[in-house]
Each structure stands twice: as structure tokens, then as C-alpha cells.
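What follows is a single structure, written as C-alpha cells, with notes after it.
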Amino acid sequence: MDDAAVIAALRARDERVFEELMRMYNASLLRVAQIYVASRAVAEEVVQETWIGVLNGIDRFEGRSSLKTWIFRILTNIAKTRGQREGRTVPFSALERPDAVPEAAVDPDRFLPPDHERWPGHWATKPEPWPEERLLATETREVLERAIEELPPVQRAVISLRDVEGWSSEETRNALGVSETNQRVLLHRARSKVRQALEGYLMEAR
């Protein structure tokens with residue numbers, strides 16, 4: 029269903045559509061809420077308040093943004109208020125400067141130095157390809173999931189929306205209220221840490 033059909037169904041108090049919407053977005057909403065509040069329990073309360081806000085506000089929704097963006101905006105407003113009430117500092121104020129240089133995705137020591145006689149900047153030791161069957165194994169997926177869960181909340185939210193949920197850069201920026209530069213830095217750092225965790229696991233499991 030497109031946004032117009034979903035909005036019409038919500039205004040008609042169609043429980044089936046509302047339950048499907050909750051199923052689609054609940055996990056993502058919880059991840060984002062955990063950026064702003066101190067515990068999972070409070071984040072779950074924020075998500076519940078968000079869905080109440082959706083039902084209460086759907087008749088006034090003007091469609092200036094997508095329905096998904098509107099829902100996440102409700103969440104972030106509620107979560108910020110709860111976080112401030114609990115004395116938790118919203119982490120976006122401490123994000124990297126726009127001109128900050130992102131961390132390298134691969135350890136620079138794995139490359140030859142710039143002044144190398146023959147192959148400056150090339151691999152010192154060429155990485156071996158990861159076997160596809162290993163990447164698809166249940167244990168490997170568990171390593172990836174654990175690596176994502178161990179990320180700082182803001183990085184976890186960005187990589188979850190972009191790489192797990194498949195959101196676009198614009199959708200993620202709008203949902204989290206961050207700039208393109210900050211989102212790019214956060215995603216790069218999150219992917220780097222997850223890659224390191226995966227590489228370490230595959231190396232140990234040989």
C-alpha cells in the first residue's frame with residue numbers, strides 16, 4: 029500500500045493496517061529511541077508513546093513528508109524530551125566536525141608506505157577473499173548482529189537503517205535529524221567496526 033492508502037486506513041482506524049505498520053517499523057523505532065534515552069525499557073515506552081502519537085495525529089497529518097519520516101519525527105521529539113528530562117545529553121551535539129577526516133576502514137599498516145620503491149600505497153599483504161558459504165552461515169550472521177549491537181547508539185541506528193533496513197541516505201537523515209556529513213561519518217565508522225569484527229572472526233575460524 030502507498031502512503032495515501034495507509035493514511036486513509038489509519039484514519040478509518042483499520043487495526044490490520046496499524047498492526048502491519050507496527051510490525052514494519054517497531055524494531056527501527058526502538059533502535060533510534062535508544063540513542064536518546066538511557067535504557068531499553070525507556071526506549072520501549074518511547075515507542076509506545078510514538079504509536080499513540082501516530083493515532084492521535086494522523087487526522088492532522090498534512091503529507092508534507094513521507095509517512096515514515098513523520099512517524100520517526102514523532103519518535104525523535106518524544107525521545108529527546110524523555111532524554112532531557114532524565115538528564116541524558118543528546119549525542120548529536122558531540123558529533124564530528126564537518127571537516128573531520130573519517131577513520132580508515134582498513135588498518136593503514138596493511139599497506140605499503142607512500143615512499144615504497146615499486147608499489148607505494150599497495151597492499152603489503154593482499155587480503156584473502158571471504159568464502160561465500162562462510163558469509164552466509166548462521167554463526168557469521170550472529171557475529172554481524174552482535175557487532176552491530178555493540179556499536180555506540182548513534183552509529184548503531186545509522187547502520188541499522190541504511191544497511192539492515194535498506195533506507196536511503198535522505199530517509200535516514202530525515203529520521204535522525206542529522207546532516208549528510210555526520211551521517212556519512214557515522215556510517216563509515218560503523219561499517220569499519222563491523223568489518224573488523226567480521227574479519228577477526230573469519231581469521232580465527234580458519
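Residue numbers (the numbering used here): 29 to 234.
Cβ coordinates follow ideal geometry from the N, Cα and C atoms, glycine included.
Since the model is a prediction, treat every value here as computed from it, not as a measurement.
Where does residue i land, buried or exposed, given buried means 16+ other C-beta within 10 angstroms?
{"i": "A128", "result": "Below a pLDDT of 50, predicted positions are generally treated as unreliable, and A128, at 46, falls in that range; no measurement from the model is reported."}
{"i": "E208", "result": "exposed"}
{"i": "Q112", "result": "exposed"}
{"i": "L103", "result": "buried"}
{"i": "P130", "result": "Low local confidence applies: a pLDDT of 48 at P130 is under 50, so the model's placement there is unreliable, and no value is given."}
{"i": "Q183", "result": "buried"}
{"i": "S56", "result": "buried"}
{"i": "P126", "result": "With a pLDDT of only 40 at P126, under 50, the local geometry of the prediction cannot be trusted, and no value is derived from it."}
{"i": "S121", "result": "Note that S121 scores a pLDDT of 44, beneath 50, so its modelled location is shaky; the value from the coordinates is reported in the next line. Exposed is the call here."}
{"i": "N18", "result": "Outside the displayed span of the chain (29 to 234) sits residue 18, for which this structure offers no information."}
{"i": "A40", "result": "exposed"}
{"i": "A203", "result": "buried"}
{"i": "L214", "result": "buried"}
On a CA-only basis, which of the options is nearest residue i? Give me that one, please.
{"i": "P180", "options": "V60, T168 and A36", "result": "V60"}
{"i": "G228", "options": "N105, R92, Y64 and L172", "result": "L172"}
{"i": "R68", "options": "M231, N210 and R110", "result": "R110"}
{"i": "T166", "options": "D42, R44, L226 and V70", "result": "L226"}
{"i": "W79", "options": "E90, R101, L214 and G205", "result": "R101"}
{"i": "R217", "options": "A175, Y64 and I86", "result": "A175"}
{"i": "A75", "options": "S93, G91 and R51", "result": "Before going on, a small fix: residue 75 reads as Val here, not Ala. Answer by Cα proximity: R51."}
{"i": "R92", "options": "M231, D31, L204 and G115", "result": "D31"}
{"i": "Q62", "options": "I86, E193 and E177", "result": "E177"}
{"i": "L192", "options": "R169, V206 and G205", "result": "As written in the sequence, residue 192 is Val, which differs from the Leu given in the question. For V192, the nearest C-alpha among the options comes from R169."}
Mind checking if residue i is an interface residue toward chain C, Cβ cutoff 8 Å exclusive?
{"i": "S197", "result": "Absent from the structure: chain C. Only one protein chain is present."}
Quick test of your reading: residue i and residue j, contact by CB under 8 Å. State the CB separation rounded to the nearest angstrom.
{"i": "F46", "j": "L58", "result": "Incorrect: roughly 17 Å between the Cβ atoms, too far for contact."}
{"i": "E72", "j": "I106", "result": "Incorrect: roughly 12 Å between the Cβ atoms, too far for contact."}
{"i": "V70", "j": "L49", "result": "Contact flag wrong, Cβ pair sits at about 22 Å."}
{"i": "Y53", "j": "K108", "result": "Not a contact, Cβ separation roughly 18 Å."}
{"i": "E114", "j": "A36", "result": "Not really, about 37 Å apart at Cβ, beyond 8 Å."}
* **Any 3 or more C-beta pairs closer than 8 Å across the stretch 205-223 and the stretch 183-190** => yes
* Asked: Is the stretch 85-98 close to the stretch 192-202, with three or more CB pairs under 8 Å?
  -> yes
* **Ranges of the alpha helix (DSSP H) found wholly within the stretch 40-101, counting only runs of at least 4** => DSSP runs (the alpha helix (DSSP H)) wholly in the stretch 40-101: 43-64 and 68-85.
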